[in-house]
Amino acid sequence: MTVVTTAPASRMSCCVSARIMVSDPMASWDSAQFINKPPEASMIKYLGKEFPSNLACSYVRFDIIRRILTRVFGYNVIMVMGITDVDDKIIHRASEMNMSPASLANLYEEEFKQDMAALKVLPPTVYVRVTETIPQIISFIEGIIANGHAYSTAQGNVYFDLQSRGDKYGKLVGVVPGPLGEPVDSDKRHASDFALWKAAKPQEVFWASPWGKGRPGWHIECSTISSLVFGSQLDIHSGGVDLAFPHHENEIAQCEAFHQCKQWGNYFLHSGHLHVKGKEEKMSKSLKNYITIKDFLKTFSPDVFRLFCMRSSYRAAIDYSDGTMLEAKHLLLVVAAFVEDARAYMKGQLVCGPIRDDVLWERLCHTQEAVKAALADDFNTPAAVDAIMDLIHHGNRQLKARTKEPGGPRSPAVFGSIVSYIKQFFETVGISLADRQLVSEDSSRATLHSVVEELVRFRLKVRQFALATEAATREAGRQQLLDRRPLLEACDTLRQDLAAHGISIKDRSSTSTWELLDHRTQDHKPGS
1 MTVVTTAPAS RMSCCVSARI MVSDPMASWD SAQFINKPPE ASMIKYLGKE FPSNLACSYV
61 RFDIIRRILT RVFGYNVIMV MGITDVDDKI IHRASEMNMS PASLANLYEE EFKQDMAALK
121 VLPPTVYVRV TETIPQIISF IEGIIANGHA YSTAQGNVYF DLQSRGDKYG KLVGVVPGPL
181 GEPVDSDKRH ASDFALWKAA KPQEVFWASP WGKGRPGWHI ECSTISSLVF GSQLDIHSGG
241 VDLAFPHHEN EIAQCEAFHQ CKQWGNYFLH SGHLHVKGKE EKMSKSLKNY ITIKDFLKTF
301 SPDVFRLFCM RSSYRAAIDY SDGTMLEAKH LLLVVAAFVE DARAYMKGQL VCGPIRDDVL
361 WERLCHTQEA VKAALADDFN TPAAVDAIMD LIHHGNRQLK ARTKEPGGPR SPAVFGSIVS
421 YIKQFFETVG ISLADRQLVS EDSSRATLHS VVEELVRFRL KVRQFALATE AATREAGRQQ
481 LLDRRPLLEA CDTLRQDLAA HGISIKDRSS TSTWELLDHR TQDHKPGS
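Per UniProt numbering, the very first residue in the sequence shown carries number 1; after that it's consecutive.
Written out as structure tokens, the structure is:
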């Protein structure tokens, strides 16, 4: 779907059009309305196990899209997240734990927010809870009934009448309602009708309504919340691919029936599942093949997970394994190593041969155009990352032309521009590149920084002394180096010991530099 922006047209996959790319000018947009479907509160924690990474992948992907819309294309994104804080699972689990459904839902909601913050997912503009909108939900159902698209039953239930939609139902994923007929042991008119209001069962939480005591159905909650904030039209609706049918399809039916409009949602973005590599099954609690966010973050950083998510289309299923995570981590380390080398070159600490800055300026301009075009094409983050890595490849080729002769012509400006652009790109999508200069202002951190600086400086002097030869003859010089070898070995040992504590030292031709490693992995960057 083509979205006209100030940059190249942004194309978003539109499921309403069966994934056909259609033109829909949006040049007049000042803001974008975005609703993201969260997990029900009961799914956030199950039998003491936290929020799984399968759902986290979806939220990180849509967070990246939100950041791109805001920071690349300049849209003022208004994001709403509805919280389903009452449903069958919550009621059942609260009963088992001998606590109120509201208390349990609040507990799970806070844990969900903490996990999202740990993954650097931006909070929505607005949180709306189902239990806070019951009067509006009842009014919404009454409106659908008044427009002839729903009916109440003697048992106190209210159902959406799918037959009243005719051939309009199913336009999202091309699904046709099931066969007609009165189902056995049901008060529905048709087997395919779905609940808008459920009559309360004994000992269940309920609210008073024109149809008796009960609570909302699943689909009506999201339709009401979206309409409450955005009115009769929604720009972007997102969620996992498993929500396309029946959830999003039923939301469309409800909203178009209530608002009496031809098209309620303009864009539906569906995230592919996170799969266990080598298996067709998705990562899920029911299959007990998942890792929690808290456990994951003990090994890998949120930046590594974010880059992992960017290496495939948001629509595609993605394979999870230690290998794929290590690949993402390696890419991030390659980026950080290039940034460090480029900065060393700009400071005169890395001596290279003549730099073809004309080639690098041209490559930088090409990369900027390629990245913007990729992000405008259905948020093609894999292509954008590839363009960035290609730029780094060309930069590294120039930096590898080392020379031991200082004083030649230098081109720091082009590397300054490249580093600035690369950092800006990753910051745009929520990834922070490791930078030892960006340490906390906390006094203990500042003290650590000073101590490491002094230690690295002292080690450099020892190393330079061990490598220096002042002897008059070649044989005497060789013997001098042998005598000082223990000093070099001690310098190497110190470097290895510091790496184990998260500090990486790089020895260059005339100086030594250092940086902090990711404390979760404490791996050396390439070239260390």
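Backbone N, C-alpha and C define an ideal beta-carbon position, used for all residues, glycine too. A quick note: this is a predicted structure, and the numbers were derived from the prediction, not measured.
{"Query": "So what's K262 in DSSP terms, helix, strand or just coil?", "Result": "coil"}
{"Query": "First and last residue of the beta strand (DSSP E) that includes K198?", "Result": "F194 to A199"}
{"Query": "Per DSSP, what kind of secondary structure is L172 in: helix, strand or coil?", "Result": "coil"}
{"Query": "Give the range of the alpha helix (DSSP H) segment to which S103 is assigned.", "Result": "P101 to A118"}
{"Query": "Thinking C-alpha only, which one of S510, I145, F73 and H190 is nearest A344?", "Result": "S510"}
{"Query": "When the Cα of residue 536 is compared with those of L455, D358 and E249, which residue comes out closest?", "Result": "Summary: the structure shown does not reach residue 536, with the chain confined to residues 1 through 528, and so no result is reported for it."}
{"Query": "DSSP three-state call for S510: helix, strand or coil?", "Result": "coil"}
{"Query": "Could you give the uninterrupted runs of the beta strand (DSSP E) lying entirely in the segment 461–517, keeping only those of 3 residues or more?", "Result": "503–507 and 512–516"}
{"Query": "Give a yes or no on whether the C-beta atoms belonging to V334 and L433 are separated by under 8 angstroms.", "Result": "no"}
{"Query": "Mind checking whether I141 and V158 have CB atoms under 8 angstroms apart?", "Result": "yes"}
{"Query": "What residues are listed by DSSP as bridge partners for G214?", "Result": "A199 and W207"}
{"Query": "How many Å lie between D303 and F338 at the Cα?", "Result": "17 angstroms"}
{"Query": "Anyone know if the C-beta pair for R311 and V385 falls short of 8 angstroms?", "Result": "yes"}
{"Query": "Compute the Euclidean distance between the alpha carbons of residue 531 and A490, then round it to the nearest angstrom.", "Result": "Residue coverage of the chain in this structure runs from 1 to 528, which leaves residue 531 outside it and unanswerable."}
{"Query": "What are the boundary residues of the alpha helix (DSSP H) that includes N396?", "Result": "T381 to L399"}
{"Query": "In terms of residues, what are the limits of the alpha helix (DSSP H) holding S238?", "Result": "Careful: S238 lies outside any alpha helix (DSSP H), inside the beta strand (DSSP E) at L234 to G240."}
{"Query": "How is F160 classed by DSSP in three states: helix, strand or coil?", "Result": "strand"}
{"Query": "By DSSP, does G143 sit in helix, in strand, or in coil?", "Result": "helix"}
{"Query": "Taking just the CA atoms, how far does K329 sit from L297?", "Result": "13 angstroms"}
{"Query": "When we look at the beta-carbon of M99 and count the other beta-carbons within 10 Å, is it buried (16 or more) or exposed?", "Result": "exposed"}
{"Query": "Suppose you measure from the CA of V371 to the CA of I422; what does that come to, to the nearest Å?", "Result": "11 angstroms"}
{"Query": "Does the distance from the C-beta atom of L487 to that of F458 stay below 8 angstroms?", "Result": "no"}
{"Query": "If you count every other CB in all the chains shown that lies within 10 Å of the CB of Q437, and 16 or more means buried, which is it?", "Result": "Any reading at Q437 must be qualified, since the residue scores a pLDDT of 39, below 50, and its modelled position is unreliable; no value is offered."}
{"Query": "Thinking C-alpha only, which one of S411, M325 and L119 is nearest G353?", "Result": "S411"}
{"Query": "Going by DSSP, which residues form a beta bridge with G348?", "Result": "BP columns for G348 are empty, so no partner."}
{"Query": "Following the continuous alpha helix (DSSP H) through S417, name the residue where it begins and the one where it ends.", "Result": "P412 to T428"}
{"Query": "Is it buried or exposed, G265, if we count other Cβ atoms within 10 angstroms and call 16 or more buried?", "Result": "buried"}
{"Query": "Once you ignore the five residues that flank V77 on each side, which residues in its own chain have a CB closer than 6 angstroms to its CB?", "Result": "A32, F34, R66, L69 and T70"}
{"Query": "Suppose you measure from the CA of L196 to the CA of H219; what does that come to, to the nearest Å?", "Result": "7 angstroms"}
{"Query": "Count the other CB atoms, across all protein chains shown, that sit within 10 Å of the CB of R478; report buried if there are 16 or more and exposed otherwise.", "Result": "exposed"}
{"Query": "Shortest alpha-carbon distance to Q263 belongs to which of Q254, L55, S103 and V229?", "Result": "Q254"}
{"Query": "Counting pairs of Cβ atoms below 8 angstroms between the segment 122–137 and the segment 83–96, do you hit three or more?", "Result": "yes"}
{"Query": "Could you name the residues of the same chain whose beta carbon sits closer than 6 angstroms to that of I355, not counting the 5 residues immediately before and after it, in chain order?", "Result": "Q398 and S411"}
{"Query": "To the nearest angstrom, how far is the alpha carbon of Y75 from that of F415?", "Result": "30 angstroms"}
{"Query": "Whole-angstrom Cβ separation of I293 and D115, contact assumed at under 8 angstroms?", "Result": "5 angstroms"}
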